[in-house]
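Data first, discussion second: the structure below is written as structure tokens.
Here is the structure:
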């Protein structure tokens, strides 16, 4: 029934819906807390598994070293570009560790560290950014979707996979990662709407690092928080300190468990900060000041967790050194393997594009083969 004044109707315009109208969902339980949820430095930390905290710490240290090494590789010409997650490591690591082996991770282009923390070879995680062969790894083998460069297009894919898994009766959850800039894309809203309507077992993790390249969050949305957007689609929104690895892991773990038991999707906003520039091609000093960056350095995810562990007697100087040494060993291996020139096969461009090659691809492949053969004869 439409609420409007019909032409020629004798009754007066009625400005309210019919009495039978009622909300489809009570919005109160879906609203996020007014402040980001925290664990480290609070009473809640005492109940956190020490082994989990130590594993999170080791992965954070390794992740920071990975970011530094990959950034250096861009300066050496070994990578075309690298979007560092320096400062966001807690989100990356927690996302990987919150999933079971059978689950799927849907990363964005900045989430190479999440893929590595999930077990992907560090070199394979950088293959796409090197301009090499396709995505660099087999998504089915690792249950990691291709690193997605177009903003937010991985989100509907995650919903589709999660919905299909549910229809098949598979006990699978999809975790989709996106930046604050991606929430301004249509794919974000379409994905959330479909996920909520279908009650798909998917978790959306928004890493709110303050900027979509140079655009601050205030110029993207007027919402109280990005987590508040969840209620508009009928799913719960959670707000968490994205630099608190224990808190992010807990909130993600709860959302994954809820999705697995049929509770539907959750939107999680992790408030964090991108310490490095958007990529090596970006000059962040043009749109933010060093004082702002230094403020966030004081809230560094590694230091937060290190302080918690040392104060509880779970980590000492030997443990700190061991984590740093393991990270350095990883970096040395990554550096050595990335410094070797890749052996490229031009014809691979036409493989794995479609299950069955189109006539246009076959024509292009034949043309390239002819050019390569001609070059070989000329030599």
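In the working numbering, the protein residues as written are -11 to 367.
Yeah, the Cβ is synthetic: ideal placement off N, Cα and C, and Gly gets one too.
Inter-residue CB distance, residue i and residue j (contact presumed, cutoff 8 Å)
i           : j           : result
residue 247 : residue 194 : Contact flag wrong, Cβ pair sits at about 16 Å.
residue 97  : residue 108 : 15 Å between Cβ atoms; not a contact.
residue 196 : residue 257 : 5 Å
residue 169 : residue 203 : 7 Å
residue 208 : residue 215 : With a Cβ gap of about 14 Å, residue 208 and residue 215 do not count as contacting.
residue 36  : residue 222 : Residue 36 to residue 222, Cβ: 31 Å. No contact.
residue 287 : residue 231 : 5 Å
residue 175 : residue 141 : 5 Å
residue 99  : residue 165 : 5 Å
residue 239 : residue 183 : About 17 Å; that fails the 8 Å criterion.
residue 22  : residue 302 : With a Cβ gap of about 31 Å, residue 22 and residue 302 do not count as contacting.
Beta-carbon proximity list for residue i, same chain, < 8 Å, skipping 5 on both sides
i           : result
residue 264 : 55, 59, 72, 74, 75, 272
residue 91  : 131, 160, 161, 162, 163, 244
residue 352 : 338
residue 366 : none
residue 17  : 224
residue 211 : 217
residue 342 : 349
Cβ neighbours of residue i in the same chain (closer than 7 Å, five flanking residues each side left out)
i           : result
residue 249 : none
residue 119 : 68
residue -6  : Only weak support exists for where residue -6 lies, its pLDDT of 49 falling under 50; the value from the coordinates is given anyway. Answer for residue -6: no residue qualifies.
residue 369 : Because the chain in this structure spans residues -11 to 367, residue 369 falls outside the shown range and cannot be described.
residue 233 : 44, 48, 78, 81, 82, 289, 293
residue 281 : 263
residue 145 : 94, 133
residue 122 : 340
residue 267 : 69, 70, 71
residue 360 : 334
residue 241 : 86
residue 312 : 49
residue 158 : none
Min CB distance residue i to chain D below 9 Å
i           : result
residue 217 : The structure shown contains no chain D; it is built from a single protein chain.
Selected residue, minimal CA-CA separation from residue i, among the options
i           : options            : result
residue 105 : 315, 334, 328      : 315
residue 310 : 156, 20, 43        : 43
residue 52  : 39, 79, 38         : 79
residue 155 : 133, 129, 187      : 187
residue 219 : 185, 34, 26        : 185
residue 327 : 14, 63, 27         : 63
residue 300 : 34, 20, 4          : 34
residue 116 : 128, 147, 70       : 70
residue 237 : 19, 175, 10, 28    : 28
residue 275 : 283, 41, 198, 308  : 198
residue 167 : 177, 139, 283      : 139
residue 40  : 346, 143, 158, 84  : 84
residue 143 : 178, 361, 344      : 178
residue 129 : 158, 89, 312       : 89
residue 261 : 251, 285, 242, 241 : 285
Neighbourhood of residue i by C-beta, 6 Å cutoff - its chain only, sequence neighbours within 5 removed
i           : result
residue 47  : 81, 105
residue 325 : 111
residue 153 : 160
residue 322 : 57, 110
residue 172 : 208
residue 330 : 120
Proximity below 9 Å, CB of residue i to CB of residue j
i           : j           : result
residue 149 : residue 255 : no
residue 334 : residue 356 : yes
residue 192 : residue 253 : yes
residue 103 : residue 135 : yes
residue 50  : residue 318 : yes
residue 213 : residue 15  : no
residue 279 : residue 26  : no
residue 61  : residue 101 : no
residue 306 : residue 298 : no
Near the ligand SAM: residue i beta-carbon under 8 Å from a heavy atom
i           : result
residue 106 : With respect to the ligand SAM, the structure shown offers nothing to examine, as it has no ligands at all.
Every unbroken beta strand (DSSP E) inside the segment 233 to 270 [3 residues or more] | Whole beta strand (DSSP E) segments, 3+ residues: 254 to 259.
What runs of the alpha helix (DSSP H), each 4 residues or longer, lie entirely inside the segment 84 to 148?
-> Restricting attention to alpha helix (DSSP H) runs no shorter than 4 residues, the segment 84 to 148 encloses them at 100 to 105, 110 to 114, 127 to 130, ordered along the chain.
Fully enclosed by the segment 271 to 305, which alpha helix (DSSP H) runs are 4 residues long or longer?
-> Complete alpha helix (DSSP H) runs here, min 4: 278 to 285, 289 to 299.
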